[in-house]
Amino acid sequence: MALVKSIVFVDGENLVFRYQALLKEGRSPHPWVVHHQDIFVWQPDLWRPVIDTDVIRINYYSCMTGDDDSLTRVRQEIASIRYLPSGDYYGPCELTPRLYKKDSQSRKSRLVDVNMTIDVMRHAYTDAVDVVYLLSGDGDFVELVGRVESEGRTSMRVLASISSTLRRVSSDFSG
Numbered sequence: 012m013a014l015v016k017s018i019v020f021v022d023g024e025n026l027v028f029r030y031q032a033l034l035k036e037g038r039s040p041h042p043w044v045v046h047h048q049d050i051f052v053w054q055p056d057l058w059r060p061v062i063d064t065d066v067i068r069i070n071y072y073s074c075m076t077g078d079d080d081s082l083t084r085v086r087q088e089i090a091s092i093r094y095l096p097s098g099d100y101y102g103p104c105e106l107t108p109r110l111y112k113k114d115s116q117s118r119k120s121r122l123v124d125v126n127m128t129i130d131v132m133r134h135a136y137t138d139a140v141d142v143v144y145l146l147s148g149d150g151d152f153v154e155l156v157g158r159v160e161s162e163g164r165t166s167m168r169v170l171a172s173i174s175s176t177l178r179r180v181s182s183d184f185s186g
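Heads up: the sequence shown at position 134 corresponds to 145 in our numbering, and the numbers run straight through without jumps.
In structure tokens, the structure reads:
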């Protein structure tokens with residue numbers, strides 16, 4: 012039986028701001044959620060029941076302000092988080108931080124969307140993986156999902172989005 016290899020691309024910048032908005036509305040955080048203000052949010056094994064392939068890597072995209080030592084420290088902390096997918100052929104994988112430095116004046120940066128799009132396209136047009144998962148809370152990637160679905164060599168699956176447009180263009184939506 013052939014393994015179905017996948018990579019997960021996480022729009023962490025978007026997710027962290029959505030998570031912080033929920034907290035601001037008075038929602039209580041779960042104790043197992045890992046959160047760094049304006050940088051990172053992750054719930055270990057949240058997507059495990061939904062992802063039915065062998066995950067070889069999870070790329071987590073976000074931005075932060077600070078000096079190079081601060082960026083290095085946060086990258087190391089993100090990389091220390093393990094994810095055990097439902098398929099255990101490759102075993103646990105770590106989150107691969109794609110952390111970019113942003114101007115302290117801006118809240119959201121386009122660096123995440125641009126770099127994530129480039130990386131998804133690069134993987135979607137190779138034989139390295141069979142499935143590309145996208146975890147994003149907005150509709151910024153509607154065109155990307157449509158393009159990969161129509162022209163890519165891999166399957167594109169959207170794990171979660173509050174964007175009805177993004178859910179519609181994905182052939183496989185979970186969440």
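The beta-carbon is built from N, C-alpha and C at its ideal position, and this holds for glycine as well.
In the three-state scheme derived from DSSP, where H, G and I count as helix and E and B as strand, Y136 is classed as coil.
DSSP, reduced to helix, strand and coil, places E105 within a strand of the structure shown. Shortest Cα-Cα distance from N126 to any of D79, E160, D141, G23 involves G23. Residue pairing by DSSP puts M75 in a beta bridge opposite K112. Rounded to whole angstroms, D151 and D124 show a C-alpha spacing of 8 Å. Closest by C-alpha distance to K113, out of D78, S39, I129, P55, is D78. In the structure shown, L14 adopts coil according to DSSP, grouped into three states. Within the model, the alpha-carbon separation for V44 versus P55 is close to 7 Å. A straight line joining the alpha-carbon of V153 with that of Y136 spans about 18 Å. Annotated as proximal: R109 and N70, with beta-carbon spacing under 8 Å.
Assigned with DSSP and collapsed to three states, V44 falls in coil, not helix or strand.
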